[in-house]
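Step one of this worksheet: look at the structure below.
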Amino acid sequence: MRNYLVVGTAGHIDHGKTRLVKSLTGMETDRLKEEKERGISIELGYAYLKLPSGIMAGFIDVPGHEGLVRKMISGCYGIDLALLVVAADEGFMPQTYEHLAILNLLGLPKGIIVVTKIDMVSDNDLSILEEDIREGVKNSFLENAPIVYTSTATNMGIGNLIELIDSFSLSLPVKDTTGPFRLFIDRVFSLPGFGTVITGTAFNGLVKKGQSIEILPKGVTSRVRSIEVHYQSVEEAFAGERAALNLPDIKVNQIKRGEVICTPQAYKPTSLLDLKIELLKGKKNYLLKHGQRIRFYHGSNEVLGRVLFTGLGEIRSGETCMAQVYLEEPVVAREGDRFIIRSYSPINTIGGGVILDPYAIKRRKKTPLNSVVNIEDSVSRYVKILNNEQSFMIDIPALSFLSQKEEEEIIKELLNSDKFILLPSEKPLYVSLNTRFEENKLFVKQKLQAYHQVNPHSPGFLLEELRNKLTGLDVKQFRIFIKHLIDSGMVEVNGQIVRLKGLKAVFSGEWLEGRNALLKLIAENKLSPPTIKELVEIMEKQGWKKDKLYNLLKAMVEATDIIKVSEELVFLPSVVESIKRELMAYLWKKEEISPGDFKDLFNISRKYAIPLLEWFDHQKITFRDGNVRKLRNKQR
């Protein structure tokens, strides 16, 4: 059984929503001076009541004014039970219809119709009103909902309404709290001595005091210092609860309504989504065209975007279809989330629906959304999306907000299929089609073989150049791909160089002669070899061209024949290793060494001492402390 319930009011302006909440809870929800002076709600209001069963009910009082529908949507997103408020002396009004349509599109499971101000009309008027109400809620989720008649002036019907809310609370399903946390922010303010406080309805998972959180889409991280649920300090807040989180290290101007508090790394902002859109039926026949600009409402956020139809050019009022939306700002969504769309100008609620895939693949206008299936069949949906021929490697951040059981089921299904390969990494999980993955493995193999045949003296191909040859991979995906190739024994990586495993640089003919000549020159003065410039000048006198010499020296560095310690100096690896051993022995005994001591120790000039010391610093063997070097990570 759940121990918490979120109830939201809805209805036309001045139909008594705020007074109803006050009669139920004893709490005033109008907080602003302007609200009290004008007698209307401008901001969302919140109040709490302990029901007879012991369940805590949080009430969200939404504004009824036509110009404040955005805040109404924000307040009703994630509620468990709706109270559609209708004033007895006015009946169904424009905002009553609009609010009912929004509740319906948000997929509310249950609701109660509350008639207010019954002390202002006759019994005969109430009978007529009931017929009008039943006609108004026809074909909606409230079609068979109970009607409770109330008066806040006399408190008539308030007790019955509380009992009815309590009975509904006992039948509502318990929300899943096993997945990562997600809360849509609807208020941000600062309290003296506490700092920034945000409030919202926890939509998924749970959050604990002291836990790290991430604010998306900004990507800012923070820590929860304290949590309040219905004005009581608690250790944790669960999905379905109204919560206030104290984030002391975040400034008020760093965060705003519409953003999301969530478990770090669990969610990924997205701007392209696959949707199931339903346009409202209405007196006016509305036409929604491909590419049309809309207002997209999700959670507590309003974002501008454009609707993209696949296979269609437009849809009309009352029609339903699959579509995509490209948003001008990212949202933090998951499959199954509900949304509302309103026309850009003039602003009217025109429809809504459900998000099928929050991480959609861009499709051409004439390509049907055949990869989208019933959202309840998550496994099949992921398999079909991954089977899209445009995909080489896809991350599935959607997996990260599923429960552990659901995630394990999807992974098991993919592993049992011979069509896919799962690539080891931290979340998000990366998956690739076997056929496309093998094609790219073959491409890499052929590319490295061809390069080695043309450049046998080179130790391998630059990793960054190889990444540029592969389409559709970001840096992280490329790193995961290369790791798989290394683990499978196909390639080996040395620094920024990749080559087929077992292949080595081969110097032959003129290149071999030049290599041997350079090695001899460097070896003749092991601790004080010629500079690169001097080596080139010596070899030029023997008929070598400057450009070719620099390419040869680069190949020798890549092949580890020589070590480049600075832009001007190269040494034999054996010499560098010998210096390293003697230096470490000295530092182990003496603790520190100055440039002068280093010069004396190896009998070299400053020209060689400083570049060598800086190279050892760069290799994290030593570190500079003032004018001396000390051994890094010395075991004591």
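Residue numbers (UniProt numbering): 1 to 636.
Every residue, glycine too, gets a C-beta built ideally from N, C-alpha and C.
Q.
I'd like to know if the stretch 281 to 290 and the stretch 44 to 63 are in contact, where contact means that at least 3 CB-CB pairs between them fall below 8 Å.
A. no
Q. When we look at the beta-carbon of residue 513 and count the other beta-carbons within 10 Å, is it buried (16 or more) or exposed?
A. The residue you call residue 513 lines up with position 513 of the sequence shown. By the 10 Å Cβ count, residue 513 comes out exposed.
**Q.** Rounded Cβ spacing between residue 497 and residue 462 (contact assumed at less than 8 Å)
**A.** Locating residue 497 in the sequence shown gives position 497, where the first residue counts as 1. Locating residue 462 in the sequence shown gives position 462, where the first residue counts as 1. In this structure residue 497 touches residue 462 by the C-beta definition: roughly 7 Å separates them, less than 8 Å.
(Q) If you follow the beta strand (DSSP E) that residue 334 is in, where does it begin and where does it stop? (A) Taking the sequence shown and counting its residues from 1, the one referred to as residue 334 is at position 334. Element bounds for residue 334: n/a, residue is neither H nor E.
Q. Is the stretch 557 to 564 touching the stretch 572 to 580, taking contact as three or more C-beta pairs under 8 Å?
A. yes
Q) Do you know how far the Cα of residue 325 is from the Cα of residue 274? A) For the purposes of this step, residue 274 is taken as the residue at position 274 of the sequence shown. For the purposes of this step, residue 325 is taken as the residue at position 325 of the sequence shown. Their backbone Cα atoms lie some 7 Å apart in a straight line.
Q. Enumerated in chain order, which unbroken segments of the beta strand (DSSP E) with a length of 3 residues or greater are wholly contained in the stretch 236 to 276?
A. 236 to 238, 242 to 247 and 260 to 262
Q: Work out the CA separation of residue 570 and residue 615 for me, nearest whole Å.
A: Translated into positions along the sequence shown, residue 615 becomes position 615. Translated into positions along the sequence shown, residue 570 becomes position 570. Taking the straight line joining both Cα atoms gives about 11 Å.
**Q.** Buried/exposed call for residue 624, threshold 16 Cβ in 10 Å
**A.** Here residue 624 is taken as the residue at index 624 of the sequence shown, counted from 1. Residue 624 is exposed by the Cβ-count criterion.
(Q) I want to check one thing, is the minimum distance from the CB of residue 5 to the heavy atoms of the ligand GTP below 6 Å? (A) The ligand GTP is absent from the structure shown, which contains no ligand whatsoever.
Q | the stretch 288 to 299 touching the stretch 246 to 254, judged by at least three CB pairs closer than 8 Å | A | no
Q: State the beta-bridge partners of residue 4 as determined by DSSP.
A: As a first step, residue 4 must be located in the sequence shown, where it is residue number 4. In the DSSP output, where bridge partners are listed per residue, residue 4 has 56.
Q.
Could you check whether residue 515 and residue 507 sit closer than 7 Å to each other, using their CB atoms as the reference points?
A. In the sequence shown, the residue the question calls residue 507 occupies position 507. In the sequence shown, the residue the question calls residue 515 occupies position 515. Yes, they are a contact pair.
Q. Taking the alpha-carbon positions, what's the residue 267 to residue 191 distance?
A. Residue numbering aside, residue 267 sits at position 267 when the sequence shown is read from its first letter. Residue numbering aside, residue 191 sits at position 191 when the sequence shown is read from its first letter. Cα-Cα distance, rounded: 29 Å.
Q) Starting from residue 202 and walking both ways along the beta strand (DSSP E), at which residues does that stretch end? A) On the sequence shown, residue 202 is found 202 positions in, with the first residue counted as 1. That run of the beta strand (DSSP E) goes 195 to 204.
Q: Out of 22, 421 and 52, state which residue places its alpha-carbon closest to the alpha-carbon of residue 153.
A: On the sequence shown, residue 153 is found 153 positions in, with the first residue counted as 1. Looking at the Cα atoms, 22 is the closest of the given residues.
Q.
If contact is defined by three or more beta carbon pairs under 8 Å, each pair taking one atom from either stretch, is the stretch 200 to 218 in contact with the stretch 251 to 271?
A. yes
Q. So what's residue 496 in DSSP terms, helix, strand or just coil?
A. Taking the first residue of the sequence shown as 1, we reach residue 496 at position 496. DSSP places residue 496 in coil when its eight states are reduced to three.
Q) Should residue 128 be labelled buried (16 or more other beta-carbon atoms within 10 Å of its own) or exposed? A) Position 128 of the sequence shown, counting from 1, holds the residue named residue 128. Classification for residue 128: exposed.
Q: Could you check the C-alpha separation between residue 333 and residue 184 for me, to the nearest Å?
A: Walking along the sequence shown from the start, residue 333 turns up at place 333. Walking along the sequence shown from the start, residue 184 turns up at place 184. Answer to the nearest angstrom: the Cα atoms are 11 Å apart.
Q | Backbone secondary structure at residue 627 - three-state DSSP | A | Start at 1 with the first residue of the sequence shown, and residue 627 comes out as number 627. Coil at residue 627, not helix or strand.
Q. How far does the beta strand (DSSP E) with residue 47 in it reach, from first residue to last?
A. Here the question's residue 47 lines up with position 47 in the sequence shown. It spans 45 to 50 - the beta strand (DSSP E) in which residue 47 sits, taken as one unbroken run.
Q.
Buried or exposed for residue 550, going by 16 or more other Cβ atoms inside 10 Å?
A. For the purposes of this step, residue 550 is identified with residue 550 of the sequence shown, where counting begins at 1. Per the 10 Å Cβ criterion, exposed.
Q: Report the three-state DSSP secondary structure of residue 150 (helix, strand or coil).
A: For the purposes of this step, residue 150 is identified with residue 150 of the sequence shown, where counting begins at 1. In this structure, residue 150 counts as coil in the three-state DSSP scheme.
Q) For residue 82, which beta-bridge partners are listed by DSSP? A) If you number the sequence shown from 1, residue 82 lands on position 82. Paired residues: 8 and 111.
Q. Using 8 Å as the threshold, is the stretch 158 to 174 in touch with the stretch 102 to 118, meaning 3 or more CB pairs across them?
A. Verdict: yes, contact present.
Q | Close Cβ partners of residue 346 (< 7 Å) along its chain, the five nearest in sequence each way excluded | A | Residue mapping note: residue 346 aligns to position 346 of the sequence shown, counting from 1. Cβ within range, chain order: n/a, list empty.
Q. Per DSSP, which one or two residues make a beta bridge with residue 127?
A. Numbered from its first residue, the sequence shown carries residue 127 at position 127. Residue 127 is not bridged to any residue.
Q. Taking the continuous beta strand (DSSP E) assigned at residue 637, which residues delimit it?
A. In the structure as shown, the chain starts at 1 and stops at 636, and residue 637 therefore has no counterpart that could be examined.
Q | Candidates 351, 327, 297 and 410, of which the one nearest residue 316 by Cα | A | Counted from its first residue, the sequence shown places residue 316 at position 316. For residue 316, the nearest C-alpha among the options comes from 351.
(Q) So, for residue 120: in the same chain, excluding its five sequence neighbours on each side, which residues have a beta-carbon less than 7 Å away from its beta-carbon? (A) As a position in the sequence shown, residue 120 is number 120, starting the count at 1. Around residue 120: 88 and 89.
Q) Exposed or buried, residue 523, counting other C-beta atoms within 10 Å across all chains shown (16 or more means buried)? A) Position 523 of the sequence shown holds residue 523. Result: exposed.
Q: State the DSSP-derived secondary structure class of residue 418, mapped to helix, strand or coil.
A: Here residue 418 refers to the residue found at position 418 of the sequence shown. Correct three-state label for residue 418: coil.
Q: Have a look at residue 105 and residue 443 and give me their C-alpha separation to the nearest angstrom.
A: Here residue 105 refers to the residue found at position 105 of the sequence shown. Here residue 443 refers to the residue found at position 443 of the sequence shown. One C-alpha to the other measures close to 48 Å.
Q: Give a yes or no on whether the C-beta atoms belonging to residue 186 and residue 257 are separated by under 7 Å.
A: In the sequence shown, residue 186 corresponds to position 186, counting from 1. In the sequence shown, residue 257 corresponds to position 257, counting from 1. In contact: residue 186 and residue 257 (Cβ atoms closer than 7 Å).
**Q.** Contact under 7 Å by Cβ, residue 414 with residue 420
**A.** Position 414 of the sequence shown, counted from the start, is the residue given in the question as residue 414. Position 420 of the sequence shown, counted from the start, is the residue given in the question as residue 420. The answer is yes: Cβ separation under 7 Å.
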